[in-house]
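S.K.: Attaching a single structure in structure tokens format; questions to follow.
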Amino acid sequence: MATFAKPENALKRAEELIHVGQKQAALQALHDLITSKRYRSWQKPLERIMMKYVELCVDLRKGRFAKDGLIQYRIVCQQVNVSSLEEVIKHFMQLSNEKAEQARNQAQALEDALDVEDLEADKRPEDLMLSYVSGEKGKDRSDREHVTPWFKFLWETYRTVLEILRNNSKLEALYAMTAHKAFQFCKQYKRTTEFRRLCEIIRNHLANLNKYRDQRDRPDLTAPESLQLYLDTRVEQLKIATELSLWQEAFRSVEDIHGLMSMVKKTPKPSVLVVYYAKLTEIFWISDCHLYHAYAWLKLFYLQKSYNKNLSQKDLQLIASSVLLAALAVSPYDHKYGASHLELENEKDRNLRIANLVNFSLDSKRENREVPSRASLFSELAAKGVIACASQDVKDLYNLLEHDFLPLDLVSKAQPLLSKISKIGGKLSSAPSVPEVFLSQYLPALEKLTTLRVLQQASQIFQSVKIDMLSRMIPFFDFSVVEKISVDAVKHNFVAMKVNHLSGAVHFGKMDIESDCLSNHLSVLADSLNKARSFIHPPVKKPSKLGENLTSLAAVVENEHKRLLARKSIIEKRKEDLERQILEKEKEEEKKRLSVLKKSAEDERIRLLNDVKLREQERIRRQLVEKEKIEAEELLQKQIKEIAKRGGKKPVLQGEVTKEAVMELAMNEQFKERQEMEKKLQKTGKQMDYLERAKRQEEAPLIEQAFQKRLEVEKILHEQEQLREIELSKQHHAGDLLEKYRLSRMLEHKNIFQERIVQRREAEFSRLKKERDERTSQLISSRKRERDTVRKLMYYLNLEEQRLQRLREEEEARKQEERRKREETERKAKLDAIAAKQLQRERELEEKKEKQRMEALMGRGAGAAEPARTPDAAPVAQPAQPVAAPAAAAAAAAPAAVVLAARDLLWHLSKTVGVHGMIAHVLICVRSAKRHPLLAKMLLPQPAKMVLQAHGDLQDTQVHHLPQPGAAGATEAVCFQMWTARVRFFAVQGHC
């Protein structure tokens, strides 16, 4: 494999090899260059190399080489310059077409030359044997050998280009153009096999596009431009399929269009739908699907009526007639009668599939769709007004076949109408997308319908008819054809009849024909014999236990039903759980796969971007170096030329010629040049200075002389101007005097008129001034009255507001005072009640303790009397000292006990009756403490002292101005008594 430093060298080498006749070697050299990894960044020379490369591939018919080269070139320029790839591919297809056309022109008999079933198949064995056995090759074989290879290569070119451009968003326009050219190739040369393969290729490309959704540069079908390109390709495919009479491919193309629009959930444009339904009418008519053929015509009628604004009344009538005749051509009986369950299911699925195509429904749920029928079709025609738009002959035929009952005259009235209808048709002038309409194509179906209607109506009025008479009633067909039609009608339960050729008659009967009765005659015979046997030998009735079991049978059945329902729900739930688990697992696997693919694609993209950036940077660096070198050489040559023009020496550069060296040389030359120019300018300046000085010295006296002459001339001109001005002034003065004399006669009249005008205006002014003063005074007085009124009103309002405010405040104070008095009364009542209860308890305790004390004193006094009566007994009196000592200690400890008890009682009352009650008790304590100074000091705590000091009742633990018990009120008196009793009690206890 040869290597080249630059791509241009490979191109030169290929041209040299072509000149010496070695095209194969030239192709191999270019192929090695294109597939080399050294040239993976796009350059302009690569485009010229690819042009030459595809030319050699076409000349040598090397399709494989062309495919490899184009794939490599797509990798190189896909991210940089896609237009270059488009140009190369267009050039490639253009050369292939030109070569095929040249071969076609050279062939004398194109039909014989192209008599090949498959362009991709090799030569047949018999052709090879014939070519080697026969000495002279026939002209047909020579033409075939000359033309067929070029058409094979052209077909291979289209396939290669489609494969290269598939599923690329940047090349989808070129892909669509190539597909259209391939379709035209198949149409022009009647290549049916290649057309089928081409449709399958395009179909596989779309399937792969949906399969690999994470592919880079994938076309987005939701974009309007991409969707329109793909849709136009499928529509063109449908047109070519119908023109080539490939009805199966046409139907698959219809499915492709519907699948494409279902994929993006969008409805095509009306222009596309017109072509779609126009081709559907042809497909369904060829396939004998007359019902869906009529529905397709109905959809086409709706589209033309709704969107074609230029549709004429004649064309609309012709389309409506076609719709109505297509509906009449539908078989009047249902083909489901007598079919098996499997056939019915298959037919149902097929009908739903076709109905989905006809209705162009994007909804895939079957329960939302209804299978069309002949009855629903006619009801829709009547509801939408299609029957009214049809021609009169077609409407008469419709009424005759669908509504009238004329078994004997039906054919005689239908024949003239059918003959008229068969002549109607032609091209629609205002609807170019609709094919030519010829109503004569419905004539056989209408004749068959007329035959069926005659048989149906005859079966209702006749039991038997002669075959000759029936033949005269139906003149359209021979009786053999009528018999075939009647057999099909009997098979589908449309009419009940049988033909007896022995008697030459046709017998009509009920809908249950004889074959149905004979099919179960043995079972009928067995049932009859069993009934006769039961009458002769009636069976003996045995007591049955069924009645006993019937009571529990309902419960068992109900339980079993519930158990089966529960089992069914459990099974369904398990199925749903299993399906959900499988679906979740698939989703997880799909997510993992997509994440891995996305990560790998992202890594690959980053790597490619880095490679592209590095290559781009290297390329830019090389270009900059080369550009600088070229600019340096150009600058050096320019500098040499300039130096040569000036007559200087040629500069010599030492070392490599670089831009810096050339710039330095140019700067030196410019510096030298600037120095020489400055010297020349200095010399020239001195010369100009000398010349200017000499010139001024010479012209000074001449200027003075010219100035004196100019002064004399201007003086003369000034004097002349003065004289002219004086003369003009005299003339103006004389004219003004004449004018004054003329107007002096009007002076008196002018003064009179002026005086009259002034007097009138003064009177008017006085009147207006007086009116204005009156209005002003009135306005001032009215405003003054208004202000007084407002002030009085505001004063009264303020007084009233103050009065109301005072009343509110007095009412509020009264309410607060009442509330305070009520609370005080309630509080005193509570304190009185508490004090009364406490006093009652204290009295009871005091009485009880007084009683106990008296009992104790009486007992103790009796014991002490005996030693007193014997004072001279010394041994007895001595022990009395220890007894007196504890009594004295108890008397000394009594004040302390009293203080502690009084303090406890005081804090208990403060918590029970509040602060006011505590103050009352403090006063009582102070009054009771007069007899014991220690009690006054120890009894009162610090808070009570502060309160008493604030009231001026206690200062420095001294009691002054203590109120009397009566002055303190009932509460104080009660508390005083309670406290006196308590202190007395504690004192007694302490002394005892």
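Residue numbers for the sequence shown follow full-length UniProt numbering, so the first one is 1 and each next one is one higher.
Backbone N, C-alpha and C fix where the C-beta goes; we use that ideal spot for every residue, glycine too.
So, does the stretch 154-161 touch the stretch 58-67, judging by three or more C-beta pairs under 8 Å?
M.R.: The stretch 154-161 vs the stretch 58-67: in contact.
S.K.: Does the beta-carbon distance from HIS507 to LYS498 come in below 8 Å?
M.R.: Working through the sequence shown from its first residue, we reach residue 507 at position 507. Working through the sequence shown from its first residue, we reach residue 498 at position 498. Taking 8 Å as the Cβ cut-off, HIS507 and LYS498 qualify as a contacting pair.
S.K.: Buried or exposed: which applies to ILE75, given that a residue is buried once 16 or more other Cβ atoms fall within 10 Å of its Cβ?
M.R.: The residue labelled residue 75 in the question sits at position 75 within the sequence shown. The residue is exposed, with fewer than 16 neighbouring Cβ atoms inside 10 Å.
S.K.: Considering only the alpha carbon of each residue, which of GLN682, ALA554, GLN43 lies closest to ARG622?
M.R.: On the sequence shown, residue 622 is found 622 positions in, with the first residue counted as 1. Nearest option by C-alpha distance: GLN43.
S.K.: If you draw a straight line from the C-alpha of ILE286 to the C-alpha of TRP247, how long is it?
M.R.: Within the sequence shown, numbered from 1, the residue matching residue 286 stands at position 286. Within the sequence shown, numbered from 1, the residue matching residue 247 stands at position 247. Taking the straight line from one Cα to the other gives about 8 Å.
S.K.: Classify GLY135: buried if its beta carbon has 16 or more other beta carbons within 10 angstroms, exposed otherwise.
M.R.: The residue given as residue 135 occupies position 135 in the sequence shown. Low per-residue confidence applies at GLY135: pLDDT is 42, beneath 50, and the placement is therefore not dependable, though the value from the model is reported in the following sentence. Answer is exposed; the Cβ neighbour count stays below 16.
S.K.: Leaving out the 5 sequence neighbours to the left and right, which residues in its chain are closer than 7 Å to SER96 when beta-carbon positions are compared?
M.R.: Your numbering for residue 96 matches position 96 in the sequence shown. Cβ neighbours of SER96 beyond the five flanking positions: VAL58, PHE153, LEU154, THR157.
S.K.: Take LEU324 as the anchor and find which of ARG767, LYS314, GLY385 has the nearest alpha-carbon.
M.R.: Residue mapping note: residue 324 aligns to position 324 of the sequence shown, counting from 1. Nearest option by C-alpha distance: GLY385.
S.K.: Quick one: residues in its chain with C-beta nearer than 8 Å to the C-beta of GLN457, no 5 flanking neighbours on either side, listed in chain order?
M.R.: Residue numbering aside, residue 457 sits at position 457 when the sequence shown is read from its first letter. Same-chain partners within the cutoff: PHE405, LEU406, PRO407, LEU410.
S.K.: Within the continuous alpha helix (DSSP H) that includes ALA173, where are the two ends?
M.R.: The residue you call residue 173 lines up with position 173 of the sequence shown. Run containing ALA173: 172-188, per the alpha helix (DSSP H) assignment.
S.K.: On the CB-based measure, 16 or more other CB atoms within 10 Å of its CB, does ALA14 come out buried or exposed?
M.R.: Residue mapping note: residue 14 aligns to position 14 of the sequence shown, counting from 1. So ALA14 ends up on the buried side.
S.K.: Using a 10 Å radius around the Cβ and a threshold of 16 neighbouring Cβ atoms, would you call ASP256 buried or exposed?
M.R.: Translated into the one-based positions of the sequence shown, residue 256 becomes position 256. With 16 or more Cβ atoms within 10 Å of its Cβ, ASP256 is classed as buried.
S.K.: Is ILE421 near ASP393, with beta carbons less than 8 Å apart?
M.R.: Numbered from its first residue, the sequence shown carries residue 421 at position 421. Numbered from its first residue, the sequence shown carries residue 393 at position 393. It is a contact, given that the beta carbons lie within the stated cut-off.
S.K.: Hey, could you find the ends of the beta strand (DSSP E) LYS498 is sitting in?
M.R.: In the sequence shown, counting from the first residue as 1, residue 498 sits at position 498. 497-500 is the span of the beta strand (DSSP E), which, as asked, contains LYS498.
S.K.: Is the distance from the Cβ of SER429 to the Cβ of SER312 below 8 Å?
M.R.: Along the sequence shown, read from residue 1 onward, the residue named residue 429 stands at position 429. Along the sequence shown, read from residue 1 onward, the residue named residue 312 stands at position 312. Yes, the pair counts as a contact, with Cβ atoms nearer than the cut-off.
S.K.: Could you say which of LEU209, ARG216, ALA241, GLU249 lies nearest to TYR230 if we only look at CA atoms?
M.R.: Working through the sequence shown from its first residue, we reach residue 230 at position 230. It is LEU209.
S.K.: Let me make sure I understand the geometry here. Which of ALA836, ARG374, GLU225 has the alpha-carbon closest to that of TYR292?
M.R.: The residue labelled residue 292 in the question sits at position 292 within the sequence shown. With distances taken between Cα atoms, TYR292 lies closest to ARG374.
S.K.: GLY69 and HIS19: beta carbons closer than 8 Å?
M.R.: The count along the sequence shown starts at 1 and reaches residue 69 at position 69. The count along the sequence shown starts at 1 and reaches residue 19 at position 19. No, Cβ-Cβ distance for GLY69 and HIS19 is not below 8 Å.
S.K.: Do the CB positions of residue 1071 and SER262 come within less than 8 Å of each other?
M.R.: Not covered by the structure: residue 1071. The range shown for the chain is 1 to 992.
S.K.: Spatial neighbours of ASP468 within its chain, please: CB distance less than 8 Å, with the 5 preceding and 5 following residues excluded, ordered by chain position.
M.R.: By one-based count along the sequence shown, residue 468 stands at place 468. The answer, listed in chain order, is GLY504.
S.K.: Go through its chain and collect everything with a Cβ distance to ALA320's Cβ below 7 Å, but skip five positions before and after it.
M.R.: Walking along the sequence shown from the start, residue 320 turns up at place 320. Within the same chain, ALA320 has close Cβ partners PHE301, VAL386, CYS389, ALA390.
S.K.: What are the boundary residues of the alpha helix (DSSP H) that PHE378 is part of?
M.R.: Here the question's residue 378 lines up with position 378 in the sequence shown. Unbroken alpha helix (DSSP H) run through PHE378: 374-384.
S.K.: Cβ atoms of LEU11 and PRO45: under 8 Å apart, would you say?
M.R.: Locating residue 45 in the sequence shown gives position 45, counting from the first residue. Locating residue 11 in the sequence shown gives position 11, counting from the first residue. In contact: PRO45 and LEU11 (Cβ atoms closer than 8 Å).
S.K.: Measuring straight from C-alpha to C-alpha, what distance separates SER416 and ASP396?
M.R.: Taking the first residue of the sequence shown as 1, we reach residue 416 at position 416. Taking the first residue of the sequence shown as 1, we reach residue 396 at position 396. According to the sequence displayed, residue 416 carries Pro and not Ser. In a straight line, the C-alpha of PRO416 is about 11 Å away from that of ASP396.
S.K.: Quick check: the Cα distance between GLU809 and THR825, rounded to an integer number of angstroms?
M.R.: For the purposes of this step, residue 809 is identified with residue 809 of the sequence shown, where counting begins at 1. For the purposes of this step, residue 825 is identified with residue 825 of the sequence shown, where counting begins at 1. C-alpha separation (whole angstroms): 24 Å.
S.K.: Do VAL434 and VAL274 count as a contact pair if the criterion is CB distance below 8 Å?
M.R.: The sequence position of residue 274 within the sequence shown is 274, counting from 1. The sequence position of residue 434 within the sequence shown is 434, counting from 1. Their beta carbons are under 8 Å apart, which means VAL274 touches VAL434 by this criterion.
S.K.: Return yes when the Cβ of LEU352 is within less than 8 Å of the Cβ of HIS258, no when it is not.
M.R.: Within the sequence shown, the letter at position 258 stands for residue 258. Within the sequence shown, the letter at position 352 stands for residue 352. Their beta carbons are not under 8 Å apart, which means HIS258 does not touch LEU352 by this criterion.
S.K.: What number of angstroms, rounded off, separates the C-alpha of LEU316 from the C-alpha of ASP288?
M.R.: Position 316 of the sequence shown, counted from the start, is the residue given in the question as residue 316. Position 288 of the sequence shown, counted from the start, is the residue given in the question as residue 288. About 25 Å.
S.K.: At 4 residues or longer, and completely inside the stretch 402-464: list those alpha helix (DSSP H) runs for me, N to C.
M.R.: Here the runs fully enclosed are 410-421, 443-461.
S.K.: Identify, in the order they occur along the chain, each residue of the same chain with its Cβ nearer than 6 Å to the Cβ of VAL662, setting aside the five sequence neighbours on each side.
M.R.: Taking the first residue of the sequence shown as position 1, residue 662 is located at position 662. Excluding positions up to five away in sequence, the list reads ALA632, LEU635, LEU636.
S.K.: Hey, how far is the Cα of ALA179 from the Cα of LEU162?
M.R.: On the sequence shown, residue 179 is found 179 positions in, with the first residue counted as 1. On the sequence shown, residue 162 is found 162 positions in, with the first residue counted as 1. Going from the Cα of ALA179 to the Cα of LEU162 covers about 7 Å.
S.K.: Between the Cα of LEU56 and the Cα atoms of VAL82, ALA29, LYS598, GLU282, which residue gives the shortest distance?
M.R.: Within the sequence shown, numbered from 1, the residue matching residue 56 stands at position 56. Among VAL82, ALA29, LYS598, GLU282, the Cα nearest to that of LEU56 belongs to ALA29.
S.K.: Please classify ALA856 as buried or exposed, where buried requires at least 16 other C-beta atoms within 10 Å of its C-beta.
M.R.: Within the sequence shown, numbered from 1, the residue matching residue 856 stands at position 856. When all chains shown are included, ALA856 counts as exposed.
S.K.: Thinking TYR277 and LEU303 are a contact (beta carbons under 8 Å), I'd like their distance in whole angstroms, please.
M.R.: Residue 277 sits at position 277 when you count from the first residue of the sequence shown. Residue 303 sits at position 303 when you count from the first residue of the sequence shown. About 7 Å separates the two Cβ atoms, so the contact holds.
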